[in-house]
Amino acid sequence: MAGYRKLGRTSSQRKALLRNQVTNLLYHGKIVTTEAKAKEIRKIAEGLIAMAVKEKDNFEEVTVTAKVARKDKDGKRVKEVVDGKKVTVYDEIQKTIKKDKPSRLHARRKMLEVLYPVTEVPKEVAGRKKNTKSVDMPAKLFDEIAPKYVDRKGGYTRIVKIGQRKGDAAMEVLIELV
3 MAGYRKLGRT
13 SSQRKALLRN
23 QVTNLLYHGK
33 IVTTEAKAKE
43 IRKIAEGLIA
53 MAVKEKDNFE
63 EVTVTAKVAR
73 KDKDGKRVKE
83 VVDGKKVTVY
93 DEIQKTIKKD
103 KPSRLHARRK
113 MLEVLYPVTE
123 VPKEVAGRKK
133 NTKSVDMPAK
143 LFDEIAPKYV
153 DRKGGYTRIV
163 KIGQRKGDAA
173 MEVLIELV
């Protein structure tokens, strides 16, 4: 007997489907799917959450100096004329960043193997590429999801049966983060 459900798909299709559904589960907190898919999603999602819980505090704060272009009130770069050429004016700023320790970096890269990139689109400008922002899913796992489950020893997801689907009578379930 196989160690996983094949879900009637080729390996690449199955991997893509599970990656997509795990990403959506972690981004939205809950999704509706079939029972067989939910049981496979649960395995992957709980492994990622366990990894995030283990490595959530494994970083150091580092202060770095960065050059940032000075901008005017319209958001455009300020330029000066130097030796007959227009040159952008830069300011140096101090910024504190989180620097991952090696084991957390490894965990982040393992998460990125599974999770798809997510682009957040504000509702008022739906359909436009402007004002969209990319969501860092490993950071969301470390900063938002993992702190909720520090005292838990597993069982981060819940599967609730909804009923049979009308078209093919497949058992539909709601899988959510507890």
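So the sequence shown is numbered by my numbering: it starts at 3 and just counts up by one.
We put the CB at the ideal spot given by N, CA and C, even for glycine.
Contact under 7 Å by Cβ, residue i with residue j
i: VAL120; j: THR134; result: no
i: TYR118; j: ILE51; result: no
i: MET173; j: GLU37; result: yes
i: ALA141; j: LYS58; result: no
i: VAL80; j: VAL91; result: yes
i: GLY77; j: LEU179; result: no
i: ARG21; j: VAL116; result: yes
i: ASP93; j: PHE61; result: no
For residue i: DSSP bridge partner residues
i: THR159; result: LEU179
i: PHE61; result: ASP102
i: ILE95; result: ALA68
i: GLN166; result: MET173
i: ILE33; result: ILE177
Distance between beta carbons of residue j and residue i, contact taken as under 8 Å
i: VAL55; j: TYR151; result: 5 Å
i: LYS100; j: GLU63; result: 6 Å
i: ILE161; j: ALA40; result: 5 Å
i: TYR29; j: MET139; result: 7 Å
Counted within 10 angstroms of its Cβ, other Cβ atoms place residue i as buried (16 or more) or exposed
i: PRO104; result: exposed
i: VAL70; result: exposed
i: THR35; result: buried
i: LEU27; result: buried
i: ALA171; result: exposed
i: ARG72; result: exposed
i: ARG106; result: buried
Contact set for residue i: own chain, Cβ-Cβ below 8 Å, skip 5 residues either direction
i: SER136; result: PRO119, VAL120, THR121 and GLU122
i: ARG16; result: LYS8 and LEU9
i: GLY165; result: MET173 and GLU174
i: LEU19; result: LEU9, ARG11 and LYS39
Neighbourhood of residue i by C-beta, 6 Å cutoff - its chain only, sequence neighbours within 5 removed
i: GLY49; result: none
i: ALA109; result: MET53 and GLU57
i: PHE144; result: ALA54 and LYS58
i: ARG167; result: GLU174
i: THR98; result: GLU63 and THR65
i: LYS163; result: VAL175
Residues near residue i by beta carbon distance below 7 Å, same chain, minus five either side
i: GLN96; result: THR65 and THR67
i: LEU114; result: PRO140
i: GLU82; result: VAL89 and VAL91
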